[in-house]
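In what follows, a single structure is set out as structure tokens and then discussed.
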Amino acid sequence: MPYRTLQYVIAAVLATGLAAAPAQAADQATCTWTVQKLAAVAGYKQSYSYGTDHASHVFGAVSNDGTLTETPVVWSTNPATPPHVLGSAHGDPTRIAALNASGVAVGYYHDDTGRHPVRHVNGGYQDLPVPAGATGEAVDINARGDIVGTVDGSSVILWPADKPGTFTLLPKAPGDSASADGIDNARNVIGVVGRGDQLTGYVWTAAGKAVTLPVAAAGDWARPTAIRNGRVLGSEEGPGRGAAVVWDLSGHVLWRLADHGVESINADGLVSGWLSVPDGLVQQLMRAGKVVAPVPTEFRPAGNRSALTDGGLLAGSVDQQVATARCR
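What follows is the structure, given as structure tokens:
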């Protein structure tokens with residue numbers, strides 16, 4: 053997937069069920085979708101959704117050339133509310149990767165030397181510290197402001213909210229490369245480790261334990277996508293059929309759905325993703341290993357780990373304009 057740090061880990065390697073919570077989406081036999089376009093940004097022809105703050109805001113970007121150049125924006129899910137244009141960091145191309153409910157956005161800008169992690173708070177961008185000479189990007193932020201990212205395409209970095217201006221590199225074995233994919237409100241982190249010619253998905257718990265995410269088929273590997281409320285969402289990738297998977301924090305498989313891929317999970321375990329079919333993908337909502345409902349074909353869901361709000365609203369786009377969709 054573009055813009056994810058996982059590409060660095062892959063390059064390095066090549067070079068060397070929970071009970072269902074109260075339903076937020078109806079059964080597909082009775083489900084009715086409501087799609088709502090959000091406010092347009094003056095002066096821009098296209099807008100794209102990347103994810104949500106898990107609550108009432110959508111983040112993404114606007115462009116006039118199909119994302120060749122883009123400007124980060126935050127929208128309220130209320131279409132009557134004007135969008136907030138964040139602008140760019142240091143005047144350089146900037147992408148936002150995550151947003152929390154306090155309005156803090158994180159991501160990166162890139163210049164001639166590479167990518168550099170930033171956060172947007174109190175109306176402006178702030179650089180996040182990294183080891184001397186390193187490049188990197190912020191990948192995710194939790195509710196209290198802890199930020200996780202990747203530096204030099206090889207190490208997972210944590211910027212703790214309770215120790216501003218500092219960072220911690222998560223431990224790894226010599227020679228390994230690692231990338232971050234998400235962080236939850238308890239400060240558990242998910243990501244991928246490259247070791248020799250092998251890729252392995254991990255949970256690094258807040259208690260300091262590294263938990264391997266198992267796969268069903270030999271030769272496949274676990275690609276974690278999101279972590280939310282004790283659940284790790286991801287997929288099995290490799291020569292096998294592939295599958296959507298939800299693990300708990302101990303690595304136990306809660307459910308698995310073959311031939312499916314995933315995008316996001318909310319606090320109640322609702323998942324957005326897709327079914328692989330011979331001529332493409334069918335976008336769907338899933339829960340507890342079962343399909344809840346297909347997504348309307350005209351709606352393009354956001355691909356970020358936070359595309360679903362905890363209220364069941366799905367961020368995406370319709371006709372190159374940011375929109376939300378709900379099934380109930």
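According to our numbering, the sequence shown holds residues 53 to 380 in order. The beta-carbon is built from N, C-alpha and C at its ideal position, and this holds for glycine as well.
By DSSP's assignment, residue 177 forms a beta bridge with 172. With the rule of 3 Cβ pairs closer than 8 Å, the region 271-279 counts as touching the region 227-243.
For residue 225, no beta strand (DSSP E) encloses it, and the DSSP letter there is neither H nor E.
Straight across, the Cα-Cα distance linking residue 290 with residue 175 is about 43 Å.
Residue pairing by DSSP places residue 89 opposite 375 in a beta bridge. The residues 360 and 362, in chain order, have a CB closer than 6 Å to that of residue 318 in the same chain once the five nearest residues on each side in sequence are set aside.
Secondary structure of residue 346 (DSSP, three-state): strand. Counted as a single uninterrupted DSSP element, the beta strand (DSSP E) harbouring residue 289 occupies residues 283-289.
With 16 or more other Cβ atoms inside 10 Å of its own Cβ, residue 288 counts as buried. Apart from the 5 residues on each side of it in sequence, residue 163 sits with its Cβ closer than 7 Å to the Cβ of 144 in its chain, given in chain order.
For residue 226, the closest C-alpha among the options 247, 209 and 233 is that of 247. Here the alpha carbons of residue 153 and residue 181 stand approximately 23 Å from one another. Boundaries of the beta strand (DSSP E) harbouring residue 146: 146-151, taken from the DSSP string. Residue range 207-211 is occupied by the beta strand (DSSP E) that includes residue 208. By the CB criterion at 7 Å, residue 351 and residue 334 fall outside the cutoff. Taking all protein chains in view, the Cβ of residue 215 is surrounded by fewer than 16 other Cβ atoms within 10 Å, so the residue is classified as exposed.
Proximity to residue 310 across 269, 300, 346 and 347 peaks at 269, based on C-alpha coordinates. The residue among 272, 235 and 329 with its C-alpha nearest the C-alpha of residue 249 is 272. Rounded to the nearest whole angstrom, the C-alpha separation of residue 377 and residue 313 is 19 Å. Taking the C-beta atoms as reference points, residue 265 is found nearer than 7 Å to residue 303. Between the alpha carbons of residue 128 and residue 256 lies a gap of roughly 33 Å. Non-local C-beta neighbours of residue 126 in its own chain, meaning closer than 6 Å and more than five positions away in sequence, comprise 109, 111 and 136, ordered along the chain. For residue 131, there is no enclosing beta strand (DSSP E), as DSSP marks it with neither H nor E.
Taking C-beta separations shorter than 8 Å and ignoring five residues to either side along the sequence, the partners of residue 85 in its chain run 345, 347, 348, 351, 377, 378 and 379, following chain order. Here DSSP, grouped into helix, strand and coil, assigns residue 165 to coil.
Nearest neighbour of residue 188 by Cα position, chosen from 198, 213 and 206, turns out to be 206. Residue pairing from DSSP leaves residue 311 without any beta-bridge partner. In terms of CA proximity to residue 258, 198 leads the group 118, 198, 157 and 356. CA-to-CA, the gap between residue 223 and residue 179 works out to about 23 Å. For residue 341, the closest of 322, 151, 170 and 355 by C-alpha to C-alpha distance is 322. In this structure, residue 190 and residue 170 form a Cβ contact; the two beta carbons are roughly 7 Å apart against a cut-off of 8 Å.
With contacts defined as CB atoms closer than 7 Å, residue 89 and residue 375 qualify as a contacting pair.
In this structure, residue 234 lies near residue 192, with their beta-carbon atoms less than 7 Å apart. Residue 119 carries a coil assignment under DSSP once its states are collapsed to helix, strand and coil.
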